[in-house]
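The opening position of the sequence shown corresponds to residue -14 in my numbering, with each subsequent residue numbered one higher.
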Amino acid sequence: VLDDLGAEATKTGMLGSAAVVAAVADGLAAHRVRRLVVDPVLHASGGRPLLARGGAQILLRRLLPLAEIVTPNLSEASLLVGFPVRNVRAMEEAARVLVRAGARAAVVTGGHLAGDAVDVALIDGVIHRLRAARLPGAPHGTGCTFAAAIAAERAKDVSIEDAIRAAKRYTAACIRRALRLGHGRSVLGHLVGHG
């Protein structure tokens, strides 16, 4: 696809193993992909690892230097930076570590914090605290949706900050319109207006 059509923006998600992370990094580097959003999916919501041992370090060393934006949640940020990320101050420091590792910008998502949903973004050396009221429910896929929405906005050449803010609004709209199917977690309502 990259050879044939190219891409205005690209997003990674669950990669599974260090070998897959390395292969993806090699392919993205060979194609000189721009506007790469790295969603470092390291484990499932229930805590089960989704990236085999050693994969997080390969991601940090090989994929982050290619990333325009990295979007870890609290537990993913903790694994990547090597210290507990449990509050806004730690989120800010984690964002700095991730940018020093090579990403142009970092957004540490705080959906699992108590109180308001606060995301911390580091863009061009400036910390932004993106605060929103916590919405009821815990639908599956909010991190993936957030990262994909950032990539979609960047593909339209929207600034990094505006792309992140638009993605936060879109993800919140998806949460508000989540569907309850069966007895498991609700499913995000993706068929909403973007704004």
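Glycine is no exception: its CB is placed at the ideal position from the N, C-alpha and C atoms.
Nothing here was measured: the structure is a model prediction, and the numbers come from that model.
His113 and Ala80 have their alpha carbons spaced roughly 11 Å apart. The three-state secondary structure of Lys(-4), taken from DSSP, is strand.
Runs of the beta strand (DSSP E) lying entirely within the stretch -6 to 70, each at least 3 residues long, are -5 to -3 and 21 to 23 in chain order.
Within the DSSP secondary-structure output, Ile108 pairs in a beta bridge with Ala90 and Val111.
A Cβ-Cβ contact shorter than 8 Å links Val82 with Val66.
Exclusion of the five residues before and after Pro69 leaves Ser63 and Ala75 as the residues of its chain whose Cβ lies within less than 7 Å of its Cβ. In the structure shown, Val82 adopts helical secondary structure according to DSSP, grouped into three states. Nearest to Asp104 by alpha-carbon distance, out of Leu(-10), Ala136, Ala132 and Gly40, is Ala132.
Rounded to whole angstroms, the Cβ separation of Gly(-2) and Asn58 is 13 Å, and the two are not in contact under 8 Å. Three or more Cβ pairs closer than 8 Å define a contact, and the stretch 132 to 141 falls short of that threshold against the stretch 116 to 124. Within the DSSP bridge table, the entry for Ala117 names Ala102 as partners.
Ranking His16, Thr156, Arg161 and His125 by CA distance to the CA of Val26 puts His125 first.
The secondary-structure analysis by DSSP pairs Leu(-13) with nothing; it has no beta-bridge partner. Under the 10 Å beta carbon count, Gly(-9) is surrounded by fewer than 16 other beta carbons and is classified as exposed. Listed in chain order, the non-local C-beta contacts of Ala88 below 6 Å within the same chain comprise Leu49, Ala52 and Val55, local neighbours out to five positions each way being set aside.
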